[in-house]
Amino acid sequence: KQEVTQIPAALSVPEGENLVLNCSFTDSAIYNLQWFRQDPGKGLTSLLLIQSSQREQTSGRLNASLDKSSGRSTLYIAASQPGDSATYLCAAQYSGGGADGLTFGKGTHLIIQP
Amino acid sequence: DTAVSQTPKYLVTQMGNDKSIKCEQNLGHDTMYWYKQDSKKFLKIMFSYNNKELIINETVPNRFSPKSPDKAHLNLHINSLELGDSAVYFCASSDAKIFLVGRGHTEAFFGQGTRLTVV
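Chains A and B supply the protein sequences, listed in that same order.
Just so you know, we're using our numbering here: the first sequence kicks off at 434 and counts up by one.
Just so you know, we're using our numbering here: the second sequence kicks off at 18 and counts up by one.
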C-alpha cells in the first residue's frame, strides 16, 4: 500500500530559526515528490518538485531533498519568518500505472512565532 | 491569470440535492484531477482524467461523476448529496509523461477549492 507520512504533525518555533520538516513514503517506485503549502481556507501552492532522479531542489529559503532508497524527503526552511506559518504538505506521485494522482501526507502545521 | 480555477468557492445545499462544481485550467495540461479534503484536512485523489481515460479511485461512490467537455475543463457532478459529502473539493492539473516503466506526471497545480456543506 502506498502511503506518505509527515512528521511532526505540528511545529511551533521562534522567528529566525532554521527548521526541517520530514516526509516518508512507502514504495520507492515514485516518479516525483512535491511539497505544497496550504494557508487556512486557501488552496495548495506548489513549493518544490523533485524528480526521482534528483537529490534536491532549492527555491529561495527552501530546500527539499529526496532519498529514494530510504523513502524519505525533507523540506528545509532557512531563517523562518511569521509569513511561513501554514500547513506544509508532502505528496508522492507513484509510477507504474494504476490510479494516477498524488498521494498526500497529512501535513505539518507550522507556526512561526514573531 | 489563474492557472486552475474552480467555481463556486462555497456551496451550501440540502441533502438529496444534485450539484456541480466547475473546473478550468489554462495551462494546456492534458490531465485533470479531483481531490477531496476531509474535515481532518486529509487530501485524497478521487479521479484523474487524461485524454478521455478516466481513472477512478475505488473508494469514490458512484454518485460522483466527472464530466469533461474539453481538455481544459473537468466538472464534478454529485447526485443525491449526503451529509458525509461535506468537504473541500480541489481540482488540479498536470501533464502526463510516458516512460518505460509507466506513466508519470509533471508538477501539479491546484485550484483554490470549493467548500461544500450539506445540511
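Glycine included, each C-beta is placed from N, C-alpha and C at the ideal position.
For serine 461 (chain A) and glycine 531 (chain A), the rounded distance between their alpha carbons: Residue placement at glycine 531 (chain A) is poorly supported in this model, since its pLDDT is 47, which falls under 50; the coordinates are not used for a value here.
Bridge partners - leucine 480 (chain A), DSSP secondary structure assignment: Leucine 480 (chain A) pairs with nothing; no bridge assigned.
Cβ of serine 479 (chain A) within 8 Å of any chain B Cβ: yes
Isoleucine 38 (chain B) vs glutamine 54 (chain B) beta-carbon contact at 8 Å: no
Stretch pair the stretch 124–133 of chain B + the stretch 28–48 of chain B: three plus CB contacts closer than 8 Å: yes
Nonlocal neighbours in the same chain, by C-beta distance under 7 Å from asparagine 496 (chain A), ignoring five residues either side: Glu489 and Tyr509
Among A:Ala443, A:Ala525, A:Asp517 and A:Leu477, nearest to threonine 459 (chain A) - alpha-carbon criterion: A:Ala525
Beta-carbon proximity check, aspartate 87 (chain B) vs aspartate 47 (chain B), cutoff 8 Å: no
Sequence-distant residues of the same chain with beta carbon closer than 6 Å to lysine 61 (chain B), five excluded per side: Lys53
Which of helix, strand or coil DSSP assigns to aspartate 102 (chain B): helix
Presumed contact (8 Å Cβ cut-off) between serine 485 (chain A) and asparagine 455 (chain A), rounded CB distance: Actually they do not touch by this definition, with Cβ atoms about 18 Å apart.
First and last residue of the uninterrupted beta strand (DSSP E) at aspartate 500 (chain A): 495–500
Three-state secondary structure (DSSP) of glycine 531 (chain A): Note that glycine 531 (chain A) scores a pLDDT of 47, beneath 50, so its modelled location is shaky and nothing firm can be said.
Proline 447 (chain A), enclosing beta strand (DSSP E) - first and last residue: 443–447
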